[in-house]
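Asks: Protein chains in written order, with the numbering used here: chain W, 1 to 136; chain E, 1001 to 1387. Think of the CB as a built atom: it goes at the ideal place given N, C-alpha and C, for glycine as much as any other residue. This one's a predicted model, so the numbers in the text were calculated from it and none came from an experiment. For reference, the structure I am asking about is given below.
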């Protein structure tokens, strides 16, 4: 069972294991092929309990973003201001959130980004997290 | 055809106590008891006869612990609406009315209490409800940031002009500056200050965000039959709805593309208005829960008062203020300018406005829509009316 820094884990245990191994995996329903994110135990569309975790490239486009200036508790390890991005993956209909590199950089909806798996600190614990940067 | 709850129950009394953060004269439960007694005094109702309680937003005050202070004889209903944010606020009336109409309780208090020394900062409590490793890994640890990201999509992609937020904030402060009980009383909003105040999370600056107060609010609900013999003119519940639709919820920002920048109310709009037998054009005044400016604007769109296309025409200062605006909004100052105790002032002001007790009265107002906490995974709204 993967360890988390905050809430109890749901059905996405493999996601965290894969990130710790340095790559992205997402679950596809073995019954109907649907991509569920957040991960589910049971597919509400076809009733299947089988999900295949498949490796995905970390490339996508910006769906939305915000640049945080206020020093909210829990962001101590992040330089301010920092830009958080919500990214629609190119390969599968899933959105992931992460922090933009360089920290606090400019971005617009529709920009193409590439992601890398990094490690960050949250309340003293190491956490795998995705860092996004503009595609060259 | 109106709904099963239509006009069967009424709010008979309201109580509200508010303090600047950290200055409440009693611990949280004491402030709450005070607000409940205020509501009973307002109604001319014996607090010992309250037999039900409903709250929302992870309130910490378990009703059974209030019994000794209130002299409660029997506790017949004790519950709250799920969700860490203010999304459940109007759903409380739905639960209370359902219990009263089905004979499970006779007098139900709807409440919310928040005193920082006891319950901590609201923003942190709300976020603790939603926090997970996905969000913290992106530095997303506060409601302001999540709402900011959704607001950015509404402005940048859906083309809603950001100026609408300024109009809404101005209207709230206009009302607050004329309300002796409001934090903004006597103070006009300096528009340059609004435009240049520090960034919180883009596109939000400081005055786009509601800021927390200590306090408690309580509303006493009884059947309309009982209410007509109490002290104040009963304000009847016409309809209330709560919920969420497929493609909306606690989805790690994976809501349906068309729903993402909304505040979730499209799920209940039809039920809400149909059960009241009304349309948005029939609403005289709105108490609009605004945690953040853009979510207030989005809530007006979701409820059908305007659209992405005509929002700039509709959400204008002149339209939003009492007494003569087309749709006066937040007539006490709302969460922005009256004070923020998890939005309960919006419910209290809905009742006061329909009784003619508002600091900013809307002449002959007969219907008031309470729009609940916008953008929460579970949302709710209610419509009140006077005969």
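Which of helix, strand or coil does DSSP assign to residue 112 of chain W?
Replies: strand
Asks: Is residue 1149 of chain E close to chain W? Criterion is C-beta to C-beta, closer than 7 Å.
Replies: yes
Asks: Does any C-beta atom of chain E lie closer than 7 Å to the C-beta of residue 69 of chain W?
Replies: yes
Asks: Kindly provide the ranges of any beta strand (DSSP E) runs that are 3 or more residues long and lie completely inside the region 51 to 88 of chain W, ordered along the chain.
Replies: As far as the region 51 to 88 of chain W is concerned, its whole beta strand (DSSP E) runs of at least 3 residues are 51 to 56, 59 to 68.
Asks: Taking residue 1242 of chain E and residue 1079 of chain E to be in contact with their CB atoms under 8 Å, please state how far apart those CB atoms are, rounded to whole angstroms.
Replies: Between residue 1079 of chain E and residue 1242 of chain E the Cβ distance is about 13 Å, and since that is not below 8 Å, they are no contact.
Asks: What residue from E/1340, E/1361, E/1184, E/1357 has the CA that sits closest to residue 1018 of chain E's CA?
Replies: Checked all of E/1340, E/1361, E/1184, E/1357; the closest Cα to residue 1018 of chain E is E/1340.
Asks: Could you check where the alpha helix (DSSP H) with residue 1169 of chain E kicks off and where it finishes?
Replies: It spans 1163 to 1177 - the alpha helix (DSSP H) in which residue 1169 of chain E sits, taken as one unbroken run.
Asks: For the region 1297 to 1315 of chain E against the region 89 to 106 of chain W, are there 3 or more C-beta pairs whose distance is under 8 Å?
Replies: no
Asks: Report yes if the CB atom of residue 1311 of chain E is closer than 7 Å to the CB atom of residue 1168 of chain E, and no otherwise.
Replies: no
Asks: Any beta carbon of chain E sitting closer than 7 Å to that of residue 38 of chain W?
Replies: yes
Asks: Going by alpha carbons, who is nearest to residue 1106 of chain E out of E/1280, E/1011, E/1338?
Replies: E/1011
Asks: Is the separation between the beta-carbon of residue 42 of chain W and that of residue 53 of chain W shorter than 7 Å?
Replies: Against a cut-off of 7 Å, the Cβ pair of residue 53 of chain W and residue 42 of chain W comes out as no contact.
Asks: Per DSSP, residue 1367 of chain E is paired with what?
Replies: E/1385
Asks: How far does the beta strand (DSSP E) with residue 1347 of chain E in it reach, from first residue to last?
Replies: Unbroken run through residue 1347 of chain E is the alpha helix (DSSP H), 1344 to 1355; no beta strand (DSSP E).
Asks: Counting pairs of Cβ atoms below 8 Å between the region 57 to 64 of chain W and the region 1101 to 1119 of chain E, do you hit three or more?
Replies: no
Asks: Chain W partners of residue 1139 of chain E, CB-CB under 7 Å?
Replies: Simply 68, 75, 78, 82, 84, 99.
Asks: How about residue 1254 of chain E: is its C-beta nearer than 7 Å to some C-beta of chain B?
Replies: Included in the structure are the protein chains W and E, with no chain B among them.
Asks: Hey, is residue 131 of chain W's beta-carbon within less than 7 Å of any beta-carbon in chain E?
Replies: For residue 131 of chain W, the answer is no, since every Cβ of chain E falls outside 7 Å of its Cβ.
Asks: Checking 7 Å against the spacing of the C-beta atoms, do residue 1054 of chain E and residue 1092 of chain E come in under that value?
Replies: yes
Asks: Go ahead and pull the three-state DSSP assignment for residue 1104 of chain E.
Replies: coil
Asks: Using 8 Å as the cut-off, can you tell me whether the region 1060 to 1075 of chain E makes contact with the region 1257 to 1265 of chain E, which would need three or more C-beta pairs spanning the two stretches below that distance?
Replies: The region 1060 to 1075 of chain E makes no contact with the region 1257 to 1265 of chain E: fewer than 3 CB pairs, one atom from each, lie closer than 8 Å.
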